[in-house]
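Participant:
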Amino acid sequence: MAGHASNEINANVGWDGNGSPFSVGYGKLMMWFFLVSDALTFGGFLIAYGFTRYSYGGAWPIGEETFDALPFLQGSYPLAYVALMTFILIISSVTMVLAVEAGHRMDRKGVTKWMLATVLGGLIFVGSQAWEWSHFIHGTKFGRVELSDGSIATAKGDFGKIQSFEIVKPGAHYAGIGELITNDNITKEDGDLMHAFQHAAAKRNLSGTAGAMLITLHDGTVAKVNKEADKNLELIVKVAGNNHAVSVAADESTRINEEEGSVALYYEALSKGNVVYGANLDENEYGPQTYGHFFFFVTGFHGFHVTIGIILNIVIFINVLKGTYHRRGHYEMVEKGGLYWHFVDLVWVFVFTFFYLI
Amino acid sequence: MEQRDDIIEYSLYNHHSEEEGKKLRKKIWKVTLILSVVTAVEVLLGALVKQGSDMWLTVKVLFIVLTVLKAAYIVMTFMHLGDEKKALKWIVLLPYLIFMAYLIFIGLTEGAAVAAKM
Chain U
22 MAGHASNEIN
32 ANVGWDGNGS
42 PFSVGYGKLM
52 MWFFLVSDAL
62 TFGGFLIAYG
72 FTRYSYGGAW
82 PIGEETFDAL
92 PFLQGSYPLA
102 YVALMTFILI
112 ISSVTMVLAV
122 EAGHRMDRKG
132 VTKWMLATVL
142 GGLIFVGSQA
152 WEWSHFIHGT
162 KFGRVELSDG
172 SIATAKGDFG
182 KIQSFEIVKP
192 GAHYAGIGEL
202 ITNDNITKED
212 GDLMHAFQHA
222 AAKRNLSGTA
232 GAMLITLHDG
242 TVAKVNKEAD
252 KNLELIVKVA
262 GNNHAVSVAA
272 DESTRINEEE
282 GSVALYYEAL
292 SKGNVVYGAN
302 LDENEYGPQT
312 YGHFFFFVTG
322 FHGFHVTIGI
332 ILNIVIFINV
342 LKGTYHRRGH
352 YEMVEKGGLY
362 WHFVDLVWVF
372 VFTFFYLI
Chain B
4 MEQRDDIIEY
14 SLYNHHSEEE
24 GKKLRKKIWK
34 VTLILSVVTA
44 VEVLLGALVK
54 QGSDMWLTVK
64 VLFIVLTVLK
74 AAYIVMTFMH
84 LGDEKKALKW
94 IVLLPYLIFM
104 AYLIFIGLTE
114 GAAVAAKM
């Protein structure tokens, strides 16, 4: 059973020495060597991330605070979405290993079924990651603010809905003092009320205090912001200023709550334009800029691997349908594709731990 | 060469029987269950235990142990490196693990040194 001595070696399978080392085909051995080198690459990235975080003196973003959103839902669900993504990738790894197993029994129907499931699982994962990136880039409704004492804080709570803008001074697109601008009649340029509000805040076009904010829109229209009050607004101090110390994650009483004036402090910062929403390559609301760089680079590089894996799996799936491997007499190509696909899952296990949990 | 009948051979043209397949599938579903449970435990701990609390260091170490455990199941069962010849298994694992252990050590040591200077 074991070793080339007891196996008849086919010239297509054996290497030039007339035997295959370790009883594995050439392609499979080379896939292993490639995976070792790719694992070194990812290992290097993650250790570089560890080095940066370890040497950073200030407060690093905390996974369960940063990643607590779900599609279509309001409120805070710490880590729920990434847990779902992890589960999807594990399941698609399982369907892949079932395809490999079916291949070893020359069960063409089984391979077809499980390969299709694996491709679908991969597509769902990449789709999920697209949503997560989109959420990360657009950011939270509150954003990150710099308070009047120089401290920098993120916010938690329920953002009160913006109902309308009431025109005070008409501009080029909106006429009629006292008329309401809602999501139904807002111009394309302003997007929607929330978008216009955040855009104005970041561009220093908001003024006033909580409950009595004035907004200047693209066309120069000045309007009163009709907005429901925020609920349970808490400011989590990330960088200490003159009056506020850094909030400790383990102790929520170190946050600035409503009794300590979080609402006034937050809207004062908004009216001065001292706010950052979401993330890009220049700034992000979650923490130091290197954090944003590493997040985009490492999860992006992993997502790129997943995308390549889906393409490989589709090619293999088509060949399974055409019967290429059945005629060849073995399904080793499914196994090689499987090794790559499991590796992608393996990398995600580490990315999950070091970017989201710790 | 020494014969081993405790492993299922994976070389080309060495097709598995229905019985061997059944055994493998059982193992696959068992590992699936383990990976799912470990992930669920990790997420629960991450959501419940706050960073900076007294428990945090223990939980952090536990996260890393559980991650390595998950990685071992994926490599040994899903990539069935555990069923390959011993020489192949160690050629893949040993150089990688030695190099990574060194890199982790040097990364954290240098990180601490840079932090101390800032």
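These protein sequences, in sequence, are chains U and B. Its first residue numbered 22, the first sequence is counted upward by one per residue in this note's numbering. Its first residue numbered 4, the second sequence is counted upward by one per residue in this note's numbering. Virtual Cβ for every residue (Gly too), placed ideally from N, Cα, C.
1. State yes or no: is the C-beta of residue 296 of chain U within less than 7 Å of the C-beta of residue 221 of chain U?
2. Distance, Cα to Cα, residue 1 of chain B vs residue 102 of chain U?
3. Quick check on residue 367 of chain U - is its C-beta less than 7 Å from some C-beta in chain B?
4. Please name the residue or residues paired with residue 233 of chain U in a DSSP beta bridge.
5. Closest to residue 343 of chain U by CA distance: which of U:129, U:196 and U:233 is it?
6. Under DSSP, the beta strand (DSSP E) around residue 310 of chain U begins and ends at which residues?
7. From residue 105 of chain U to residue 150 of chain U, what does the alpha carbon distance come to, in whole angstroms?
8. What is the rounded straight-line gap between the Cα of residue 181 of chain U and the Cα of residue 154 of chain U?
9. For residue 157 of chain U, collect the residues of the same chain with a Cβ closer than 6 Å to its Cβ; drop the 5 residues on either side in sequence, then sort them by chain order.
10. If you measure from the beta carbon of residue 117 of chain B to each beta carbon in chain U, is any gap under 7 Å?
11. Who are the Cβ neighbours of residue 279 of chain U in its own chain at under 8 Å, not counting the five residues just before and after it?
12. Note down, in chain order, every chain U residue with its Cβ under 8 Å from the Cβ of residue 60 of chain B.
13. Taking contact to mean 3 or more Cβ pairs, one atom from each stretch, closer than 8 Å, check whether the region 235–251 of chain U and the region 170–184 of chain U are in contact.
14. I need the boundaries of the alpha helix (DSSP H) containing residue 29 of chain B, first residue and last residue.
15. With the cut-off set at 7 Å, would you say residue 115 of chain U and residue 287 of chain U are in Cβ contact?
16. Please go through the region 308–375 of chain U and give each complete alpha helix (DSSP H) segment of 4 or more residues, from N-terminal end onward.
17. According to the Cβ coordinates, are residue 196 of chain U and residue 240 of chain U closer than 7 Å?
18. Kindly indicate which three-state DSSP category residue 102 of chain B falls into: helix, strand or coil?
19. On the DSSP letters alone, give me the boundaries of the beta strand (DSSP E) that residue 57 of chain U sits inside.
Facilitator: Answer, in terms of the structure:
1. The residue given as residue 296 of chain U occupies position 275 in the first sequence. The residue given as residue 221 of chain U occupies position 200 in the first sequence. With contacts defined as CB atoms closer than 7 Å, residue 296 of chain U and residue 221 of chain U fail to qualify as a contacting pair.
2. Past the boundaries of the shown model lies residue 1 of chain B; chain B is included only from 4 to 121, so the question cannot be answered.
3. Locating residue 367 of chain U in the first sequence gives position 346, where the first residue counts as 1. At least one chain B Cβ lies under 7 Å of residue 367 of chain U.
4. For the purposes of this step, residue 233 of chain U is identified with residue 212 of the first sequence, where counting begins at 1. Bridge partners of residue 233 of chain U: U:230.
5. Looking up residue 343 of chain U in the first sequence gives position 322. Checked all of U:129, U:196 and U:233; the closest Cα to residue 343 of chain U is U:129.
6. Your numbering for residue 310 of chain U matches position 289 in the first sequence. Following the DSSP letters along the chain, one finds residue 310 of chain U in no beta strand (DSSP E) but inside the alpha helix (DSSP H) bounded by residues 310–315.
7. Sequence index remark: in the first sequence, residue 105 of chain U carries index 84 (1-based). Sequence index remark: in the first sequence, residue 150 of chain U carries index 129 (1-based). Pairing residue 105 of chain U with residue 150 of chain U, the inter-Cα distance amounts to about 11 Å.
8. On the first sequence, position 160 is the one that residue 181 of chain U refers to. On the first sequence, position 133 is the one that residue 154 of chain U refers to. The C-alpha of residue 154 of chain U is placed about 24 Å away from the C-alpha of residue 181 of chain U.
9. Counted from its first residue, the first sequence places residue 157 of chain U at position 136. Beyond the five residues adjoining it in sequence on each side, residue 157 of chain U comes within less than 6 Å, by CB distance, of 300 in the same chain, given in chain order.
10. On the second sequence, position 114 is the one that residue 117 of chain B refers to. Yes, residue 117 of chain B counts as interfacial toward chain U.
11. Taking the first residue of the first sequence as position 1, residue 279 of chain U is located at position 258. Closer than 8 Å at the Cβ level, and outside the excluded window around residue 279 of chain U, lie 253, 254 and 255.
12. Here residue 60 of chain B refers to the residue found at position 57 when the second sequence is read from its first residue. Listed along chain U, no residue sits closer than 8 Å to residue 60 of chain B by beta-carbon distance, the nearest being about 11 Å off.
13. These segments touch.
14. Counted from its first residue, the second sequence places residue 29 of chain B at position 26. For residue 29 of chain B, the enclosing alpha helix (DSSP H) begins and ends at 21–51.
15. Residue 115 of chain U sits at position 94 when you count from the first residue of the first sequence. Residue 287 of chain U sits at position 266 when you count from the first residue of the first sequence. No, Cβ-Cβ distance for residue 115 of chain U and residue 287 of chain U is not below 7 Å.
16. DSSP runs (the alpha helix (DSSP H)) wholly in the region 308–375 of chain U: 310–315, 321–343, 345–349 and 353–372.
17. Your numbering for residue 196 of chain U matches position 175 in the first sequence. Your numbering for residue 240 of chain U matches position 219 in the first sequence. No, Cβ-Cβ distance for residue 196 of chain U and residue 240 of chain U is not below 7 Å.
18. Position 99 of the second sequence, counted from the start, is the residue given in the question as residue 102 of chain B. The DSSP-derived three-state label of residue 102 of chain B is helix.
19. Residue numbering aside, residue 57 of chain U sits at position 36 when the first sequence is read from its first letter. Under the DSSP assignment, residue 57 of chain U falls outside any beta strand (DSSP E), being part of the alpha helix (DSSP H) whose first and last residues are 47–76.
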